Every structure is written in C-alpha cells, then in structure tokens.
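Reading through the structure tokens given below for one structure.
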Amino acid sequence: MVCDVIILGSGPGGYTAAVRAGQYGLRTVLVEKRPRLGGTCLLVGCVPTKALLHAAEVWQSLRESSADGIHCENPRLDFARVIERKNEVVAQHSRGVEYLMKKNKVEVIRGQGLLKGGGRVEVRAEDGVKTLEARAIIIATGSEARLLAGLEPDPERILTNVEILELRQVPESLAIIGAGAVGVEFASMFHRFGARVTLLEMLPRIVPLEDEEVSRELERVFKKSGIRVETGARVEEVRRLDDAVQVTAVLADGRREQVR
C-alpha cells in the first residue's frame, strides 16, 4: 500500500498528527499495536487515573460528610464498579479518537510496525504481514519504563501503573516505590479508598522535579492525612510471600526496615 503519511502510534502526538494530515488531504495511515486508540495517557495514564481520583474524592467526602452536618448512613464502596466506570470513561474517549480518524479519512491498521528503510513500514497484524510505503513517516510511539530485575509485575501483588488500574478490590496495604507524579497520584488515590500507604522515594524529597516548596507542602499534607512518606530510602529487596509482598528498604537514618 502506498500513501502519503504513515504514523506509528495513536497517542496525543500520533492521532493529532493524523488529524492534521487528513485535513490537508493527505492519504494517511495510522498504525497502532493496541486494541484501542489513544495511547498511554488515554488508556492507562491521565484519563483513567483522573476517573479513579474523582471516585476516591467522592468516597472520602461521603465518609467525612457528617462533620458538615450531612449524614450518609452506612455508605458502601463497590470498588469493582469503580473500575468498571473507569473503563467506561476510557472507552468513551477512545471511541472519540476513532471518530476523529473516520471524520478525517485516516485509515487505521492495528499491528506492530517495523521500519524497513526507504520509506517502508512492515506491519505485523493478526491477519498477516502488510507492507506500507510513504513519503513521510512519523514515529509517535512514546516510551515504556524499564522494569527492574525482581520487580516483574503480576496481576495481584507487584504492580505497575498498568496493572494497578485493573485491581478489583482495594488492597489492605500498599507500598509505592517512587514518589514522582505517578507515585504520589496513586498514593493519594488508594489512601482515600482506605488502603494503608507507604511511599518510598530514593531522593531527598517527593515529586523531585517540582519546586522544593511544592515537595514540602505535599509531604506535609500526605503525612497529616496518614500516608507514610520515607524519602532518602533505598529499596534493597522485594520478596513475594504467600499472601503479600515484602519490601526491604534502608531508610534515610540508616535503619533497615521491612514494609508489607
């Protein structure tokens, strides 16, 4: 197949480029390896986490509403339904991206794209291998975090930002390694849902890419709310137990502690 533009990846960089190319009348093909369009932010990042944060805020408000004279007797958290609602929000936004592709006459091919040189892309799809050729190729594949040895994720105990979005019940306790934007977001969220949260950060402060004033204030708020924050903590070992995961860390004061 010969076209004007091939775009690898349907995240915010890829699908917006596809829309603009379509608006200019270019024959455009978008290649995406995932079943849904939208990329990390829409599928397993910004959008689903904000849906869960909203639910967590509502749940916390219900539990604390009596202080404002609003009495909600025996509120019940259906966390499986919370996850279903999150999935509905993600699906709705992904369908919106699909609509934009159709509206702007962008052809979507699902499969793994491989650059072959000379303006050619080989796409390995479920129905076979296809070769595309174009004058321009846009690489908008984003990136993936490198997993550490011994921290390979599973659906229940050791979780990345992807697996944790599919939990069907709130864990009793949660140790989060890394206090960047993603780590503090999940710490806030699951603390509000009722988990006992420990936040471990190797650097001297949480959200280390933000201003120091922001780090100090967020740490103060977290500790006041009941989230345990340990900065300057070095994780030595993560061990799977029968019913939990044990994290061994050396804290800032030199003490070695095991967190479950």
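Here my numbering = 1-based position in the sequence shown + 253. Note that beta-carbon positions come from the ideal geometry of N, C-alpha and C, so glycine has one too. Bear in mind that the values here come from a model prediction, so they are computed numbers and not experimental data.
| Asked | Found |
| --- | --- |
| C-beta atoms of Lys286 and Gly349 nearer than 9 angstroms | no |
| Top-ranked residue by Cα proximity to Gly292, from Arg280, Ala304, Leu420 and Pro265 | Pro265 |
| Chain D contact for Leu404 (CB, 9 angstroms cutoff) | Among the protein chains of the structure shown there is no chain D, as only one such chain exists. |
| Cutoff 7 angstroms; reference Gly479; Cβ partners in own chain excluding five residues on either side | His444 |
| Residue environment, Val474, which counts as buried when at least 16 other CB atoms sit within 10 Å | exposed |
| Rounded straight-line distance, which links the Cα of Ala440 to that of Leu283 | 36 angstroms |
| Identity of the residue in Ile429, Thr484 and Gly403 nearest Glu490 by Cα | Gly403 |
| Residue range of the unbroken beta strand (DSSP E) whose run includes Ala502 | Val498 to Val503 |
| Per DSSP, the bridge partner or partners of Gly381 | Ala378 |
| Length of the line joining the Cα atoms of Glu379 and Gly364 | 7 angstroms |
| Boundaries (first-last residue) of the alpha helix (DSSP H) holding Ile336 | Phe332 to Lys356 |
| Reduced DSSP secondary structure (H/G/I, E/B, other) of Gly298 | coil |
| Rounded C-alpha distance that separates Val423 from Ala448 | 7 angstroms |
| Helix, strand or coil at Val460 according to DSSP, with G and I counted as helix | coil |
| Element boundaries [beta strand (DSSP E), containing Val435] | Element bounds for Val435: not the beta strand (DSSP E) but the alpha helix (DSSP H), Ala434 to Phe446. |
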